[in-house]
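Chains as they are written, first to last, in the numbering used here: chain A, 1 to 328; chain B, 1001 to 1328; chain C, 2001 to 2328; chain D, 3001 to 3328. Here a beta-carbon is modelled for each residue, glycine too, at the ideal position from N, C-alpha and C.
Number of protein chains: 4
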Amino acid sequence: MKFGIIGTGRIGKIHGGNIAARLDCQVALVADTDPAAAEALAAATRAKTASIDQILGSSQVDAVAICSPTDTHADLIERAARAKKAIFCEKPIDLDVKRIRACLEVVKQTNATVMIGFNRRFDPNFASLQKRVAEGAIGALEIVSITSRDPSPPPVSYIARSGGLFRDMMIHDFDMARFILGEEPVAVSAMGSALVDKAIGEAGDIDTAVVIMETKSGKVAQISNSRRATYGYDQRVEVHGANGMVHAANVRETTVEVAGAHGFVRDKVLNFFLERYEAAYRNELDAFVNAVKAGEKPRPDGEDGLEASLLAEAAYQSWKTKQRVAPD
Amino acid sequence: MKFGIIGTGRIGKIHGGNIAARLDCQVALVADTDPAAAEALAAATRAKTASIDQILGSSQVDAVAICSPTDTHADLIERAARAKKAIFCEKPIDLDVKRIRACLEVVKQTNATVMIGFNRRFDPNFASLQKRVAEGAIGALEIVSITSRDPSPPPVSYIARSGGLFRDMMIHDFDMARFILGEEPVAVSAMGSALVDKAIGEAGDIDTAVVIMETKSGKVAQISNSRRATYGYDQRVEVHGANGMVHAANVRETTVEVAGAHGFVRDKVLNFFLERYEAAYRNELDAFVNAVKAGEKPRPDGEDGLEASLLAEAAYQSWKTKQRVAPD
Amino acid sequence: MKFGIIGTGRIGKIHGGNIAARLDCQVALVADTDPAAAEALAAATRAKTASIDQILGSSQVDAVAICSPTDTHADLIERAARAKKAIFCEKPIDLDVKRIRACLEVVKQTNATVMIGFNRRFDPNFASLQKRVAEGAIGALEIVSITSRDPSPPPVSYIARSGGLFRDMMIHDFDMARFILGEEPVAVSAMGSALVDKAIGEAGDIDTAVVIMETKSGKVAQISNSRRATYGYDQRVEVHGANGMVHAANVRETTVEVAGAHGFVRDKVLNFFLERYEAAYRNELDAFVNAVKAGEKPRPDGEDGLEASLLAEAAYQSWKTKQRVAPD
Amino acid sequence: MKFGIIGTGRIGKIHGGNIAARLDCQVALVADTDPAAAEALAAATRAKTASIDQILGSSQVDAVAICSPTDTHADLIERAARAKKAIFCEKPIDLDVKRIRACLEVVKQTNATVMIGFNRRFDPNFASLQKRVAEGAIGALEIVSITSRDPSPPPVSYIARSGGLFRDMMIHDFDMARFILGEEPVAVSAMGSALVDKAIGEAGDIDTAVVIMETKSGKVAQISNSRRATYGYDQRVEVHGANGMVHAANVRETTVEVAGAHGFVRDKVLNFFLERYEAAYRNELDAFVNAVKAGEKPRPDGEDGLEASLLAEAAYQSWKTKQRVAPD
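Take a look at the structure:
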């Protein structure tokens, strides 16, 4: 299976490396607005550089990995869909829900294969947790609790064009909640503020937020986000059910603990998302390749991307209007 | 210091035992509508049985412990306040906020010493957590997360007269949130449903709930409750701040872990509230006695009782009206 | 059941308090060479002071708790046995194995009830571990591993008359090993040195030691001791068997953990033996009282005391002679 | 840097894969007595098959990885040393100490670069533990405790030619002890028996063993081994020192824990040594390549291999003779 990679930044490199490491896959062409970046990834993966047009027009290319900025995603999905390429696209499809819906209409008409990069579903810990819940390890699901805190906030310049905490950061947690709940939330309430960095507040965004949601059948979920955690990249999920509780704890660099007069000290949790989710990115790419090779539609798909965005939008509106909001 | 105990049920026995175990205290008189229960506690604490009138009228009695049903609390506080007794009263003061306010008016006029039995503040784990937060161990507080799940739901007959989950169960968590936040919540959003037992839903109550709150300065709190947890009485608090995070984990019967072909198995968490909070009840009584002996006003006091009830009321209204509610 | 307490130091006070707290027991008489100490414990337990002769001669006294210095134990056991008192005696019976054997001969002739104070058997964690092993939770036992480290070394003056690390400190671990193994060790090898405090070495003793033992059927045990642990009183047991492994971990003051830029920090383990083994001392006394009331012989008994001393002696000889030694 | 790999079994494949994955290294030639196995690894690493003579005679080959059976190691090291190849050889150099010494004489004369595959030194957890100890995190080292249990015993046919538990299995722990102690043990006492499988005993070996050792300065070490652990591949190290204690705990597949009516259950520890030590094998190869490229002598070297074998031999003799033995 031959890939074209569009966008060779941090995440493009990850996917490029994972593709190149598979015996049955190959990075054929890579494109980037920065020629040097494209060259570097091409060299590292034994690929060639190309324009986006060349990638989409090449009969060599079976699949594209869209790793370019968010505002290009919807266009590229549509173009790749029309070019009959299998599509792996980083989240989100777009910051605007209308644009997402228009894009998914094209996907539907072309019957394109689209997978959206919610990598956390493929983390071995969260994947195992979801599987155990789905298999009934804790009986009927009742409460999902997600804690998600970045090690440190992005620059305010990034914040300004990110769509804000709910659409940029918590969208991962909305997808995780849906992944585990197995049922759509019908109401969202959000609260939040800028406690980490006042400049974030001045830019019209928040850096600390809590959200609660409920489904039609009465299941509830809670999400807590912060843009900063001094002890590492805090990523935890807990699910309570009729027969018990399951949680996936954080991941540390080593299992070493040092005891002394000041107590027992364990390592911080893994700080960097590429390290924390290294296996997740690899498993995610594997899932995409395996689905395409089997002629199946991979998940999370475009609809999953839409639903997560609808929840992010509802949370944003709830925070703005101080009302409980139904996603739509 | 000589006590009169009003109400000799489960909680009256706990306080009676703790009073009798102190060298500087004595249970002098005990009253209960069930003479046999009163006799039993009197025998166990070397006290005498008496009527409530006798207790309140006795010059021997310095302090009363009000351990009778909730609907008697406000009246007894008022009568004891007028009788110039130091007052320890189980939570809540009343299910009706107006009644609480009227009662506190009497407390104010009589300058009575009143402590309300939010025992969890005195649990060694939660007390240590609060102290560390207050002393700056994690810098400026940002997010408080409270998980509180009973081992199993009470009978529906109890539910019906309890005031419901928010006023009966989550009130402890509202007090805990206030204890740690050090600032009053100004908005409450609640969601919940009857997932554990349909009969609870039919009685107009819920058994599963999540709540988020925010303070004027933007601090946020989240609470999650269930009336049932198969793995024991789940009582956890986590606080996130500018410099780190602190949490108080559950308490187990032993530190034993058994490993085998099915994994590593640790004990359930302590199942019974009297066992889980044994030290908390003892420390709570100590705090009351020490404050009274020092001529100080103990905390949590009547105002703390009122504030927790206002939050419970707001959560109840939020759940009923599907609106965000400001406590008042 | 009425007790006479001989010796009102730290350990006498513990037992006195536990006796006084039982509704079915009473401290009747207390004796100490220091009249003020005797007075203090008598006051705290509503008892009277007396001479040892008076205690042993009193028809009021059913049982004696021997809490005096080690070199008085054997004599007092013999006298109390002849006086037909039930006997609870702190470990060890004597530092000299011959003296122990002579003492046990008197116990045998008088058919006296004797329990030796190996308190750790009654710690809830170790008791639960032993029970699970005995009930087959890990199948056939293969390896017992005991880690036992004091928070800080005793004064060298104490060391000098203590009998040394093996007889004074590790004797607890020999008893624990026997308790769990359910079979007598037939060979002991010891190594050790004075690493904590050179003065201990100059006094002819060691402060750091490791021992291995094996039973006739080939089960093995290992013990590690240090007179100093900066992180608290380190007390752990692990057992490996055909079907798995079980361990009892240390006990901490709180369940609080603080995370920050330097990692995740939990509390030190409980530092003080009276606090660490508070429940063990209470359960131990209960076991003695319950056995005496039921007309049964409590364990650990005099033979258990002898066997532990034989292992301590073997370990001492192994260390001295650099040979493997068979206890005898 | 171009490698020849001699032996393409399980461990040869691991090293081959790690070599091929480095951008600066290449597997040039592979040899095995089984041509199909050689072909398979050659195909997977883009190498060619060859005879051992061809590998050692090829001017293309800079380094050899000796992954063939133990009884070929010493000969191959000598031949490779004379052929001026850098040498990575799996442990042990030989089962016979005399043969090891003769081999190391050749290494010395040829000034060959030899690294012995004690992979556990390169496990991120144990490497971090050793580094922290060496950097003084716990002050002066006093006690090293190593627990090492295989998930299940090898076939008795393997046992018979393995050299026995001490030379085949515990040799890893002797190397680990030396790695951490930083000082040679001068005395060894061993006990052990065949508890897991009687057939192992009938073959003249044991499957359960404990060893203690001491160094000249009085540091002590204890090792416990079993050929079977139902809960996974149990690999732990703990070190006690003047200022504290450090331990490296086991590694699990996920961080998931499931709580229910039977307690809290975590995953077994990683069961398979290639999975448990995946990073260790990679880091080990990196260390070898980096040392060779820098013109440095890597560790663990031939002398380390000899010293570990001397300890294994001493332990074997101690077990056989029931004496404490000085390694030599």
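message = Any beta carbon of chain B sitting closer than 8 Å to that of Asn-2125 of chain C?
response = yes
task = Measure the C-alpha to C-alpha separation of Leu-1270 of chain B and Ala-3261 of chain D and round it to an integer number of angstroms.
result = 12 Å
key: Alpha-carbon spacing of Arg-2167 of chain C relative to Thr-2208 of chain C, whole angstroms   = 14 Å
key: Local conformation of Asp-234 of chain A per DSSP, three classes   = strand
query = If we cut at 8 Å on Cβ distances, does Gly-1263 of chain B have a partner in chain A?
reply = no
query = So which residues of chain D does Glu-2214 of chain C contact, with C-beta pairs closer than 9 Å?
reply = Met-3191, Gly-3192, Ser-3193, Val-3210
query = Shorter than 8 Å from the beta carbon of Glu-202 of chain A to some beta carbon of chain B?
reply = no
query = Buried or exposed: which applies to Gln-2109 of chain C, given that a residue is buried once 16 or more other Cβ atoms fall within 10 Å of its Cβ?
reply = exposed
For Phe-2003 of chain C and Ile-2014 of chain C, believed in contact at Cβ under 8 Å, the rounded distance = Wrong, their Cβ atoms sit about 13 Å apart, outside the cutoff.
request  = With 8 Å as the threshold, decide whether the Cβ of Tyr-3281 of chain D is near any Cβ in chain B.
outcome  = no
query = Excluding the five sequence neighbours on either side, which residues of its own chain have a C-beta within less than 8 Å of the C-beta of Gly-17 of chain A, listed in chain order?
reply = Ala-44, Thr-45
task = Scan the segment 3243-3270 of chain D for residues whose Cβ lies nearer than 8 Å to a Cβ of chain A and list them as they occur along the chain.
result = Asn-3243, Gly-3244, Met-3245, Val-3246, His-3247, Ala-3248, Ala-3249, Asn-3250, Val-3251, Glu-3253, Thr-3254, Thr-3255, Val-3256, Glu-3257, Val-3258, Ala-3259, Gly-3260, Ala-3261
query = Taking the continuous alpha helix (DSSP H) assigned at Arg-99 of chain A, which residues delimit it?
reply = 97-110
key: Short-range partners of chain A found in the segment 1127-1144 of chain B, where Cβ spacing is below 8 Å   = Ala-1140, Glu-1142, Ile-1143
ask   = Sorted by chain position, which residues of the same chain lie with C-beta nearer than 7 Å to Ala-1038 of chain B's C-beta, five sequence neighbours on each side aside?
value = Thr-1008, Val-1030, Ala-1031, Asp-1032, Thr-1049
query = Does Ala-2044 of chain C get closer than 8 Å to chain D when you measure Cβ to Cβ?
reply = no
query = Going along the segment 215-238 of chain A in order, which residues come within less than 7 Å of chain C, judged by CB to CB distance?
reply = Thr-230, Tyr-231
Cβ-Cβ separation, Ile-1212 of chain B to Val-210 of chain A (assumed contact under 8 Å), whole Å = 5 Å
key: 8 Å Cβ cutoff met for Asn-1250 of chain B and Arg-1236 of chain B   = yes
query = When the Cα of Arg-1082 of chain B is compared with those of B:Ala-1065, B:Gly-1057, B:Lys-1297, which residue comes out closest?
reply = B:Gly-1057
request  = Keeping to the same chain, check which residues put their C-beta closer than 7 Å to that of Arg-3099 of chain D; ignore five residues upstream and five downstream.
outcome  = Ala-3074
Neighbourhood of Lys-91 of chain A by C-beta, 6 Å cutoff - its chain only, sequence neighbours within 5 removed = Ile-116, Gly-117, Phe-118
query = Grouping DSSP H, G and I as helix and E and B as strand, with all else coil, what is Ile-3093 of chain D?
reply = coil
query = Just curious, the alpha helix (DSSP H) that Glu-1214 of chain B is in, first and last residue?
reply = Glu-1214 of chain B -> not in any alpha helix (DSSP H); beta strand (DSSP E) instead, spanning 1208-1215.
query = Which partner residues of Leu-2029 of chain C appear in the DSSP bridge assignment?
reply = C:Gly-2004, C:Lys-2048
key: Straight-line gap, Arg-178 of chain A to Pro-185 of chain A (C-alpha atoms, nearest Å)   = 8 Å
inquiry  = Check for me: the alpha helix (DSSP H) holding Ala-1020 of chain B runs from which residue to which?
reply    = 1010-1021
message = Looking at the strands, I want to know which residues DSSP matches up with Ile-3223 of chain D.
response = D:Ile-3146, D:Val-3211
task = Report the residues of the segment 2312-2328 of chain C with a CB closer than 7 Å to any CB of chain D, ordered along the chain.
result = Lys-2322, Gln-2323, Arg-2324
inquiry  = Does any residue of chain B have a CB that is nearer than 8 Å to the CB of Ala-199 of chain A?
reply    = no
message = What ranges does the beta strand (DSSP E) occupy inside the segment 2234-2294 of chain C, keeping only unbroken runs of at least 3 residues that lie completely in it?
response = 2234-2241, 2244-2248, 2256-2260, 2263-2266
request  = Measure the C-alpha to C-alpha separation of Ala-1248 of chain B and Met-1170 of chain B and round it to an integer number of angstroms.
outcome  = 18 Å
request  = From the DSSP output, in three-state form, read off Ile-1138 of chain B for me.
outcome  = coil
query = What is the residue span of the alpha helix (DSSP H) that Ser-3318 of chain D lies within?
reply = 3302-3321
task = Specify, as a first and last residue, the run of the beta strand (DSSP E) that Ala-187 of chain A falls within.
result = 185-193
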